[in-house]
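> Protein chains in written order, with my numbering: chain A, 8 to 354; chain B, 295 to 531.
Where is the CB? At the ideal position from N, CA and C, for every residue including glycine.
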Ligand SMILES: Nc1ncnc2c1ncn2[C@@H]1O[C@H](COP(=O)(O)OP(=O)(O)OP(=O)(O)O)[C@@H](O)[C@H]1O
Ligand SMILES: [Mg+2]
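#1: Who sits around ligand 1, taking every residue whose Cβ is closer than 5 Å to one of its heavy atoms?
#2: For residue 408(B), go through chain A and note every residue whose CB falls closer than 9 Å to its CB, in chain order.
#3: When you compare each of 64(A), 88(A), 251(A), 169(A) to residue 129(A) by their alpha carbons, which one comes out closest?
#4: Where do the ends of the alpha helix (DSSP H) carrying residue 112(A) lie?
#5: Terminal residues of the continuous alpha helix (DSSP H) containing residue 437(B)?
#6: Can you confirm whether residue 302(B), when its beta carbon is compared against all beta carbons of chain A, has any partner nearer than 8 Å?
#7: Using only alpha-carbon positions, find the residue among 349(B), 325(B), 314(B), 335(B) that is nearest to residue 481(B).
#8: Taking 7 Å as the cut-off, does the CB of residue 304(B) come closer than this to any heavy atom belonging to ligand 2?
#9: Under the three-state reduction of DSSP, which class applies to residue 145(A): helix, strand or coil?
#10: Would the C-beta of residue 378(B) count as close to ligand 2, meaning under 7 Å from any of its heavy atoms?
#11: Between which two residues does the alpha helix (DSSP H) harbouring residue 409(B) extend?
#12: Give the DSSP bridge partners of residue 455(B), in chain order.
#13: Check whether the Cβ atoms of residue 292(A) and residue 31(A) lie closer than 8 Å to each other.
#14: Taking Cβ positions only, does residue 384(B) come closer than 8 Å to chain A?
#15: Tell me the DSSP secondary structure of residue 397(B) in three-state form.
#16: Pairs of beta-carbons, one from the stretch 343-351 of chain B and one from the stretch 191-205 of chain A, closer than 8 Å: are there three or more?
#17: Below 8 Å CB to CB, which residues in the same chain sit around residue 215(A) once its five sequence neighbours on both sides are set aside?
#18: Using the beta-carbon count (16 or more within 10 Å), is residue 464(B) buried or exposed?
#19: Using a cut-off of 7 Å between C-beta atoms, extract the partners of residue 394(B) located in chain A.
#20: I'd like the list of long-range same chain contacts for residue 283(A), defined as Cβ closer than 6 Å, with 5 residues on each side in sequence excluded.
#21: Relative to chain A, which residues along the stretch 443-472 of chain B have a C-beta separation below 9 Å, given in chain order?
#22: With a threshold of 7 Å, establish whether the CB of residue 455(B) neighbours any heavy atom of ligand 2.
#23: Would you mind telling me which residues of chain E sit closer than 8 Å to residue 296(B), beta carbon to beta carbon, in chain order?
#24: Kindly indicate if chain A contains any beta-carbon less than 8 Å away from that of residue 349(B).
#25: For residue 375(B), would you say it is in contact with chain A, using Cβ-to-Cβ distances shorter than 8 Å as the test?
#26: With DSSP as the reference, please indicate the residues paired to residue 427(B) in a beta bridge.
#27: Determine the chain B residues that contact residue 227(A) at a beta-carbon separation under 8 Å, and present them in chain order.
#28: What does residue 299(B) pair with, by DSSP beta-bridge criteria?
#29: Buried or exposed, going by whether 16 or more other CB atoms sit within 10 Å of the CB of residue 123(A)?
#30: Quick check on DSSP: helix, strand or coil for residue 346(B)?
#31: So what does DSSP say about residue 299(A), is it helix, strand or coil?
#32: For a contact meaning CB atoms closer than 8 Å, what does residue 370(B) contact in chain A?
#33: How would you label residue 301(B), buried or exposed, when you count the other beta carbons within 10 angstroms and need 16 or more for buried?
#34: Which whole runs of the alpha helix (DSSP H) in the stretch 142-201 of chain A are 4 residues long or more, in chain order?
#35: Distance check for residue 68(A) and residue 117(A), CA to CA, integer angstroms please.
#36: Report the partner residues of residue 513(B) according to the DSSP bridge assignment.
In structure tokens:
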């Protein structure tokens with residue numbers, strides 16, 4: 008392999024790694040705050056890509072039906088809970104947060120149907136449409152079993168992923184999509200053509216990771232999320248509701264997943280079930296970061312992207328085999344050192 | 295009307311009854327102490343009062359039924375617990391721990407800033423260490439942080455579980471001075487202590503809890519001269 012090819016492969020790998028970084032950070036965020044390993048997270052990313060593709064061709068995206076169905080279910084469940092607790096004063100806010108808020112983007116989409124939108128508008132609207140899915144799933148599936156063991160939560164999460172893939176087929180259909188490139192421009196750097204799109208992808212990953220970091224460090228809500236992750240009981244004792252921080256974690260993580268879906272949709276063809284593989288690759292990154300360490304998670308996800316890029320050059324049929332086999336020693340090493348991390352968390 | 299009125303309270307861990315038929319009340323501005331041997335149910339009583347454990351019986355805060363409220367709503371109502379194991383945010387800085395203490399009334403920014411200055415004034419050590427992570431503090435500094443974080447919540451009723459645990463005598467005196475000074479700011483305190491003498495010297499009213507039941511109660515300055523209490527809890531004199 009010449010150094011030119013190696014450089015091209017590395018740049019490609021960093022670009023796809025940057026996309027996995029966003030999903031991987033979302034995994035860590037949701038796990039830290041809610042103890043749920045949210046397997047369907049890659050699906051959220053794929054659904055964003057499918058939504059964007061539908062908007063490009065001026066079709067109504069399947070996301071509308073999916074969100075409407077989930078909002079109806081969540082509202083019914085919350086209303087039942089309110090009535091059981093004879094907390095009738097809570098009903099207006101239940102209707103507002105579980106029904107009205109998730110349906111606002113759906114309604115916007117309804118009115119905008121068929122009109123020609125510019126690319127940034129399409130991206131923004133896709134993101135908005137996808138945003139309610141994970142928080143609603145949290146309300147429907149995880150809130151009732153919030154105190155269950157991590158293993159049970161994971162099992163349920165796995166089942167939820169398969170349910171969601173089924174719903175994906177129902178609402179989006181079996182066709183694969185690929186959206187228009189973000190831009191056709193490219194720059195020549197050290198004798199190589201690097202597309203502007205690659206820069207945009209890596210740049211977005213950097214910008215949104217930095218924004219998330221600033222949110223955690225600088226805002227009170229960000230600190231409340233960290234506090235819930237560090238000590239749930241302590242958080243409750245200062246008045247932080249874990250259900251609220253959990254919802255916030257799902258919303259923030261969905262923004263990251265949505266952005267990754269927007270970034271990946273012009274790069275590869277996406278099907279309703281493509282999410283699992285992105286999720287798995289990002290998940291490996293999150294495991295390398297031991298599910299707690301954001302910077303190491305980001306590096307891990309980048310490593311997966313680069314490995315994948317080289318592996319597909321050597322033998323594209325065995326790409327996944329090569330990537331995941333090479334990662335086994337890394338994962339083994341991390342799992343041996345995870346013990347220390349958990350001891351620290353006990354403090 | 296009492297600030298807090300508990301009547302015939304039962305708290306169970308599965309089949310084990312850790313608190314049985316406990317009644318006690320706290321008037322506004324009072325310091326009330328509950329003393330008793332290890333395993334008597336003191337921590338259990340506080341955990342039920344803040345809502346971390348389910349309980350049977352009556353629990354009224356200013357006449358309102360507390361048992362309908364979740365922990366977070368009780369904190370918003372002004373009941374704040376400093377638990378036995380402190381439950382600090384270990385991986386976060388001292389300053390962040392204090393700021394989060396005020397979460398239940400986060401919109402009163404000016405008030406919270408004043409309150410923070412006040413806490414730093416009471417515990418200059420916390421000001422020195424404000425960038426340090428809570429899990430790297432010494433035992434005594436952790437106690438100060440736990441009390442400081444609770445004060446940030448602007449409590450009307452402060453539930454303290456062994457605030458002097460493991461502290462050097464000089465700091466114990468300092469902590470009890472602070473507890474006594476809370477009375478002037480209108481904060482009521484329910485104080486659970488092993489250090490029965492110091493607790494009774496600070497408190498207005500005392501209760502003695504043994505194996506989950508109240509066996510004695512009365513004005514603190516009477517209890518402190520009770521021969522039976524002197525023999526069991528106050529170590530002679
Ligand atoms: N989670 C639990 N499950 C079962 N029993 C418990 C549990 N927590 C406490 N107990 C029991 O309840 C009783 C009261 O415990 P509690 O912690 O309230 O005592 P305490 O008065 O605070 O004691 P100490 O002075 O040692 O702190 C003890 O017998 C204890 O063993
Ligand atoms: Mg105790």
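In short:
#1: 307(B), 312(B), 332(B), 333(B), 334(B), 335(B), 336(B), 337(B), 338(B)
#2: Those do not exist, as residue 408(B) stays about 17 Å from chain A at its closest Cβ, beyond 9 Å.
#3: 64(A)
#4: 108-119
#5: 433-446
#6: no
#7: 325(B)
#8: no
#9: helix
#10: yes
#11: 403-416
#12: 486(B)
#13: yes
#14: yes
#15: helix
#16: no
#17: 29, 262, 263, 266
#18: exposed
#19: 230, 231, 234, 245
#20: 49
#21: 443, 444, 446, 447
#22: yes
#23: Of the chains in the structure shown, none is chain E; the protein chains are A and B.
#24: no
#25: yes
#26: 387(B)
#27: 393, 394, 397, 400
#28: 319(B), 354(B)
#29: exposed
#30: coil
#31: coil
#32: 246
#33: exposed
#34: 157-179
#35: 10 Å
#36: 499(B)
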